[in-house]
Every structure is written in C-alpha cells, then in structure tokens.
Amino acid sequence: MSYDPLVSPAVDSSTPAPDTYWHATSQPTSFEALDGAHDTDFLIIGGGYTGLSAALELTEKQSGRVTLIDSHSMGFGCAGRNAGFVLSGSGRLGPLALAKKFGPATARAIQNEYDEAVTQLLQHIETYDIACDVAPGPYYKLAHTAGQARSQTNSLDQLAGQFGSQATALDRHALQQQLSVKGFYGATVQPGYGLNPLKLADGLACAARDSGAQLFGQTPALKLDHNQAGYTVWTPTGRINATKVLIASNAYSSKQFHPCIDSRQFPVQSSILVTEPLSDGELASIGLNAPATMMDTRMMKYYYRLLPDNRILFGGRGEVTGKAASAGKARLFNAMVSSFPVLNHKPVSHFWSGWVSVSLDSLPRVYFDHTQNLGYAMGYCGAGVSFANFAGRRLAQQAMGDTDLPDIPLYTSPLPRYPLAGLRRLGLRALYAWARVAERV
C-alpha cells in the first residue's frame, strides 16, 4: 500500500484496486473520469458512504445540480476496506464517556443519532434493494482483563436506563459455552449486523446515480479556489465550478487541500486478514455456527467476524506508514491464533490495509460553514459504517440550510486542530510501543 495521506498529494487514480476479500467477491460499477469544465450547485468530494449518502439526500430533495467526484473508484477508501460491522456508535467515546464529557442529556442525544444511523442504513439497503449480504447476529464485546469484565457488568444497568442498551453480560464460563475463544474474562452481548461493505458502497453509488447525481471516478480534487461565484475545484483533466462544496473524503483527503480539514484529523492504518473457509469441525471447535461480530476491550482493539462462506475476518491496528503496510500480517495472524488456537495452520487468503480518520477529541464531526458555503464530515475513528452513511445525510441537510438538527457538538463545532501536527506519527509510535508493554500483545 503505497498511498500515504500524510505524504502523497492525493490518491493516484492509476493505483490498482486493493486485494481485499470484498473486491474478490464484488464487481463494483465503473464511473468515467471528469473531462473539461463542469458546473454544479453542490460538489461532493469523496465516493464513500458519506459522500454517496449526501448525494442521495440532495437529489431526493431536488435541491439542485449534484456532482460527486472520487479520486479513484466509488468505495476505494474505507468504504471498501472496512470489516463490515454495523453497530450503533462512532468515534472512540462510548455512551458513559459521552455522559461524563457532555452530561447525560447531550450524551443521550448523541446516542440517539447513532441509533438512528443504524436504522437509516438498514432502510437505505431495503429501499434501494442493495444486495450487500446483510447478516444479523450477536455482537460480542470481549473483556481482555478481569477488571474490564467487572466494569462491563457494573455498567449494564446504567446503559440500559439512560441509553436503552439491550446488552447482557456473560461471565467467563458462560462466554466459553458460546465461544471457544481464549484469553477473555467475559463479554457483553447485544444485537449487531455484518455486511459486505464494498457491495454497500456500490449499491449507494448506483442509487445516487439513478436519483440524478452525476458521479465521476478517477477524478482527484487537486486544488480548491474560492471566488465570488463559489468555488472552482481543479482536477487532472478539468475543473468544476460549484456553489457549495461538501468534503467527504475522510482519511483519503488530498494533502493540504483546505484549512478547514488540514491538521484536523490523523489518518491511521487498520489492517485485516481473511482466512480460507473453515471446516465444520473447525467451526464447531470455536463455537461459531452462525454470523457473529466480535471486538475486544484492548486499547489497540482486535475485531473479528464469521463471514457467510465460513471464513474468519480478523482485523486490528496497522503499521504507522503506508510503506510498511504489509509488515503487520504476521502480527495480526499471531493475534488471531492467540484467541483461536485451532487456526494456527489455517491459510490466509487475503490481507489488506486502509486509512481511518482519527479526530483529536475522539468525536466525529459533521460541520458546514454557511459563511463559506463549505463543509465536511469525517473523524469516525474507524467506527463509521452506519454513522458515515448517516453523516452524509446530515451534511446534506446542513448544506441545504436545514436548521432542525439536534444541537449536539458533532454538528455545531468544527474538528479541533492537532497541535504540533507534524509530530503525530512520533506520538503514534510511542503509543503503540506503550500498548505492547501494557497489554502484552
């Protein structure tokens, strides 16, 4: 993986599609590149869930001419590389952390948005008949220490009372009866979903196109100029004149593109491997016979799920730079085997990495500046399948002047700027080193 958002000016449109399991099982729709001059009312930069959902919202409300460009293909970034977990939440702050930071009322309002995001995503899938292998099943939050297990159990009543959580607790013995997973002291269980994220992105792209949006692939936004009429965005083969601009490129944003996003996010790699299909005996030995999603409580979390064809998908933190992306495969495999020893000799069919957008305060933002007619949505911290889609809708509503949105920090404040932004990776290396010692993984 040669692309590095802190080094590369923009995604190279000629880069081959990543060798993901999703690309091996999907055939995304191709969209031609922009050529020449183009005029539009709303320009969306980024063909992931956020941008595509924004395009859908704008076209369905007949708000004007809508154009979306992506530097590569639709879903080339996180939308086509993630693990396909559909959960209620985004950023890195759970409901109780939100309540501590903002108070119970604001925390509840934020959580309501996260809950509605899941509902809206499932509605989009049904409304637009998107075949993306949706698989409902339990979501296990696995406690990697006895203290984490106690903390999970002790918080259940508060989560249920204040936030309507449906989670239940499993002690170590009960967990082992459901999952033969090694090294955990208990878990909470609640409803979740898995899906094919690239098929989802492709379905949203086709729906946006069919609704009237103009979509262009292989069209990186290289430069943004502000003028009296609005904006001119320059691409390698043309330019776009737009009244309003919505930036939805998340961690794949062009380097030094605009001050509203420069140094306001930290692109961090996450990596995923997928095994060859497990036999019935292997599935029985680890207690998996139906779709399930899992994540542990480590600072540097591992996440995994059973895929529809009985493969195990296992993901975790990636390397620090794009050049080193492939170096984490062995570490990730060893982490998988530490949880599922029976997979020690299981071949890996696919391994890939992608960039996630981490905000300084661990909260995503959907922010539109009406004085500039410019806005963005990003900072999902790797938890964005449902909320990134919902954020696109909220960003479009803001761009259309809708004032009837919840009064929460996600929508009313911009992303904070990283201090000493040039030292972000030095700090990340130190954090990874500390986590290895603290968690011995």
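No gaps in the numbering here: position 371 of the sequence shown is 355 in this note's numbering, and each next residue is one more.
Here a beta-carbon is modelled for each residue, glycine too, at the ideal position from N, C-alpha and C.
Sub-8 Å separation of residue i and residue j beta-carbons
i	j	result
Val258	Val342	no
Gly376	Ala232	yes
Ser337	Gly368	no
Gln174	Ala151	yes
Cys62	Asn234	yes
Leu179	Ile270	no
Gln249	Leu410	no
Ala(-6)	Lys239	yes
Asp(-4)	Gly30	no
Ser72	Gly167	no
Asp280	His128	yes
Tyr395	Val350	yes
Pro88	Gln146	yes
Tyr451	Cys244	Within the shown structure, residues of the chain are numbered from -15 to 425, placing residue 451 beyond reach of any answer.
His242	Leu188	no
Gly366	Ser254	yes
Pro12	Trp339	no
Gly32	Gly68	no
Leu206	Trp218	yes
Val321	Glu266	no
Leu426	Thr(-1)	Residue 426 is absent from the model: the chain starts at -15 and stops at 425.
Asn357	Gly214	yes
Val165	Leu126	yes
Beta-carbon proximity list for residue i, same chain, < 8 Å, skipping 5 on both sides
i	result
Val332	Leu257, Val258, Thr259, Glu260, Lys313, Phe317
Glu16	Phe200, Gly201, Gln202
Leu412	Phe250, Val252, Val304
Pro292	Asp117, Ala119, Pro275
Ser14	Ser57, Gly201
Thr221	Ala17, Leu18, Asp19, Gly20, Thr203
Ser139	Leu80
Ser397	Arg349, Tyr351
Ala319	Tyr286, Phe298, Gly300, Val425
Gln142	Leu80
Local Cβ density within 10 Å of residue i, reported as buried at 16 or more and exposed below that
i	result
Met(-15)	In this predicted model, Met(-15) has a pLDDT of only 48, less than 50, meaning its place in the structure is not dependable enough to derive any value.
His56	buried
Pro181	buried
Gln95	buried
Ala427	Nothing can be reported for residue 427, as the shown portion of the chain is limited to -15 through 425.
Ala130	exposed
Thr111	exposed
Lys228	buried
Asp186	buried
Lys183	buried
Val(-9)	exposed
Gln212	exposed
Thr24	buried
Gln161	exposed
Gly406	exposed
His7	buried
His334	buried
Leu404	exposed
Arg408	buried
Ala144	exposed
Ala115	exposed
Beta-carbon proximity list for residue i, same chain, < 6 Å, skipping 5 on both sides
i	result
Phe374	Ala101, Gln104
Leu262	Asn294
Thr216	Asp209, Arg223, Asn225
Val50	Phe26, Ala39, Leu42, Thr43, Ala197
Tyr124	Ala171, Val173, Met278
Ser37	Asn373, Gly376, Arg377
Leu82	Ala91, Ile94
Tyr5	Val258, His334
Beta-carbon contacts of residue i that lie in its chain and below 7 Å, excluding the five residues immediately before and after
i	result
Ala93	Pro390, Ile392
Phe371	Ser74, Tyr98, Ala101, Pro348, Tyr364
Lys45	Met384
Pro2	Arg65, Trp336
Asn273	Leu267
Ala153	Gln136, Thr137, Leu140, Gly170, Thr172
Residue-level contact to chain B via CB, residue i, 8 Å cutoff
i	result
Tyr33	Considering every chain present, this structure includes no chain B. It has just one protein chain.
Proximity test, residue i beta-carbon vs the ligand SAH heavy atom, cut-off 7 Å
i	result
Ser10	With respect to the ligand SAH, the structure shown offers nothing to examine, as it has no ligands at all.
For the segment 15 to 27 against the segment 72 to 83, are there 3 or more C-beta pairs whose distance is under 8 Å? Counting C-beta pairs closer than 8 Å gives fewer than three between the segment 15 to 27 and the segment 72 to 83, which falls short of the contact rule.
Would you call the segment 199 to 207 and the segment 321 to 341 in contact, with 3 or more CB pairs under 8 Å? In short, these stretches do not touch, since the Cβ pair count stays below three.
Could you name each continuous beta strand (DSSP E) segment of 3 residues or more that falls completely within the segment 212 to 259, going from the start of the chain to the end? As far as the segment 212 to 259 is concerned, its whole beta strand (DSSP E) runs of at least 3 residues are 214 to 219, 222 to 231, 250 to 259.
Uninterrupted beta strand (DSSP E) stretches inside the segment 144 to 215 (no shorter than 3 residues): With a minimum length of 3 residues, the unbroken runs of beta strand (DSSP E) contained wholly in the segment 144 to 215 fall at 152 to 155, 170 to 178, 198 to 200, 207 to 211.
Suppose only complete runs of 3+ residues qualify. What are the beta strand (DSSP E) ranges in the segment 353 to 395, listed by chain order? Uninterrupted beta strand (DSSP E) stretches at least 3 residues long and entirely within the segment 353 to 395 occur at 358 to 362, given in chain order.
If we require 3 or more residues per run, which beta strand (DSSP E) segments fall completely within the segment -2 to 39? The segment -2 to 39 contains these whole beta strand (DSSP E) runs: 20 to 29.
Quick check on the DSSP output: what are the complete alpha helix (DSSP H) runs of length 4 or more inside the segment 265 to 349, in order along the chain? As far as the segment 265 to 349 is concerned, its whole alpha helix (DSSP H) runs of at least 4 residues are 313 to 323.
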